[in-house]
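Engineer: Sharing a structure with you now.
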Amino acid sequence: MRNLQKAYHDIIDCLVEALEARDPYTCGHSRRVADMALELSRRAGLEGAELETVHMAAHLHDIGKIGVPDHVLRKPCRLLPHERAAIQRHPVIGYNILIKSRQLEQIALIVLCHHERWDGEGYPSGLKEEAIPLGSRIIALCDAVDAMTSDRPYRQALSWRECWDNVVANKAKQFDAVLVDAAQELCPLWKKRLCPCCA
Ligand SMILES: [Fe+2]
Ligand SMILES: [Fe+2]
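Under this note's numbering, the first residue of the sequence shown is numbered 36, with each subsequent residue one higher.
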């Protein structure tokens, strides 16, 4: 049983590695989001198998980017509308990859919904509030924090203050307000890890 569990984790690591080999930006992103998602899930009261599921889904959340063309994935400037549409297919591509394994069904669903927004303005389905799986809401918040505090080819990383002000301004809009409050207590830890220069 333990061997099986180990094989299962190793396969997930292989999938993440495959994605990171393709997209330099994603290098490290999945791991940072997974660390934050684990911490926030614990704050939100998750434990046991549920906690483990969210953690693994966070490692795999962008796996669908494997199916996005290189010229879009690696474009060093802002995307055109049709390129944005191509990148916005990654949650569905990720779902289609993971759903091949019945064991990964819960993870596939969380991955499918990680770009949904609390106010229903997200994608791919425009789900709202608690219709969005809790794991997806947790990953959405951690994903946004990591994206804002990372340098992108077309903009510099935001400072921790700018990042967190943005999260708070989007409470109950982009993000689940309960999770924003729970994440507040993790701010000193995340700030130190993601923005050591702001400390
Ligand atoms: Fe994503
Ligand atoms: Fe992401």
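The beta carbon of each residue, even a glycine, is placed where N, CA and C say it ideally should be.
1. Which stretch, first to last residue, makes up the alpha helix (DSSP H) that contains glutamate 156?
2. With a threshold of 8 Å, are at least 3 pairs of Cβ atoms found where one atom belongs to the stretch 200 to 215 and the other to the stretch 175 to 190?
3. At a cut of 8 Å, does the stretch 112 to 120 reach the stretch 54 to 72 through at least three beta carbon pairs?
4. With DSSP collapsed to three states, give me the class of arginine 113.
5. Output the boundary residues of the alpha helix (DSSP H) element that contains proline 126.
6. Please report the distance separating the alpha-carbon of alanine 42 from that of alanine 56.
7. Just to confirm, is the Cβ distance from cysteine 230 to serine 194 under 8 Å?
8. When you get a sec, list the residues whose CB is within less than 5 Å of any heavy atom of ligand 3, chain order please.
9. Starting from the Cα of cysteine 112, find the closest Cα among Ala69, Arg190, Glu52 and Val68 and give me that residue.
10. Just curious, the alpha helix (DSSP H) that aspartate 45 is in, first and last residue?
11. What are the boundary residues of the alpha helix (DSSP H) that includes lysine 227?
12. Any chance the CB of histidine 149 is under 7 Å from a heavy atom of ligand 1?
13. Could you pull the start and end residues of the alpha helix (DSSP H) that arginine 78 belongs to?
14. If you draw a straight line from the C-alpha of valine 103 to the C-alpha of leucine 39, how long is it?
15. Within its chain, find whatever has a CB closer than 8 Å to the CB of leucine 162; leave out the 5 residues flanking it on each side and keep chain order.
16. List the endpoints of the continuous alpha helix (DSSP H) containing leucine 86.
17. Return the bridge partner residues of lysine 163 from the DSSP annotation.
18. In this structure, does DSSP put lysine 208 in helix, strand or coil?
19. Verify whether the separation of the beta carbon atoms of serine 76 and histidine 94 is less than 8 Å.
20. So, does the stretch 121 to 129 touch the stretch 77 to 92, judging by three or more C-beta pairs under 8 Å?
21. What are the start and end residues of the alpha helix (DSSP H) that includes alanine 192?
Structural biologist: The short version:
1. Position 121 of the sequence shown holds residue 156. Run containing glutamate 156: none; DSSP gives neither H nor E here.
2. yes
3. no
4. The sequence position of residue 113 within the sequence shown is 78, counting from 1. Correct three-state label for arginine 113: coil.
5. Within the sequence shown, the letter at position 91 stands for residue 126. Note, proline 126: alpha helix (DSSP H), 125 to 133.
6. Translated into positions along the sequence shown, residue 42 becomes position 7. Translated into positions along the sequence shown, residue 56 becomes position 21. The straight-line gap from Cα to Cα measures roughly 21 Å.
7. The residue given as residue 230 occupies position 195 in the sequence shown. The residue given as residue 194 occupies position 159 in the sequence shown. Cβ distance < 8 Å, so cysteine 230 and serine 194 count as in contact.
8. Ligand 3 is absent from the structure shown, which contains only ligand 1 and ligand 2.
9. One-based indexing of the sequence shown puts residue 112 at position 77. Out of Ala69, Arg190, Glu52 and Val68, Arg190 has the C-alpha closest to the C-alpha of cysteine 112.
10. Counting from one through the sequence shown, the residue named residue 45 turns up at place 10. Residues 37 to 57.
11. Within the sequence shown, numbered from 1, the residue matching residue 227 stands at position 192. 222 to 229 is the extent of the alpha helix (DSSP H) around lysine 227.
12. Position 114 of the sequence shown, counted from the start, is the residue given in the question as residue 149. Yes - ligand 1 has a heavy atom lying nearer than 7 Å to the Cβ of histidine 149.
13. The count along the sequence shown starts at 1 and reaches residue 78 at position 43. 64 to 78 is the span of the alpha helix (DSSP H), which, as asked, contains arginine 78.
14. Here the question's residue 103 lines up with position 68 in the sequence shown. Here the question's residue 39 lines up with position 4 in the sequence shown. Roughly 31 Å separates the two Cα atoms.
15. The count along the sequence shown starts at 1 and reaches residue 162 at position 127. Same-chain partners within the cutoff: Cys148, Glu151 and Gly155.
16. Here residue 86 refers to the residue found at position 51 of the sequence shown. 83 to 95 is the extent of the alpha helix (DSSP H) around leucine 86.
17. The residue given as residue 163 occupies position 128 in the sequence shown. Paired residue(s): none; lysine 163 is not in a bridge.
18. Position 173 of the sequence shown, counting from 1, holds the residue named residue 208. Lysine 208: coil per DSSP, three-state reduction.
19. Translated into the one-based positions of the sequence shown, residue 76 becomes position 41. Translated into the one-based positions of the sequence shown, residue 94 becomes position 59. For serine 76 and histidine 94, no; Cβs fall outside 8 Å.
20. no
21. Position 157 of the sequence shown, counted from the first residue, corresponds to residue 192. Premise fails: alanine 192 is in no alpha helix (DSSP H) and is neither H nor E.
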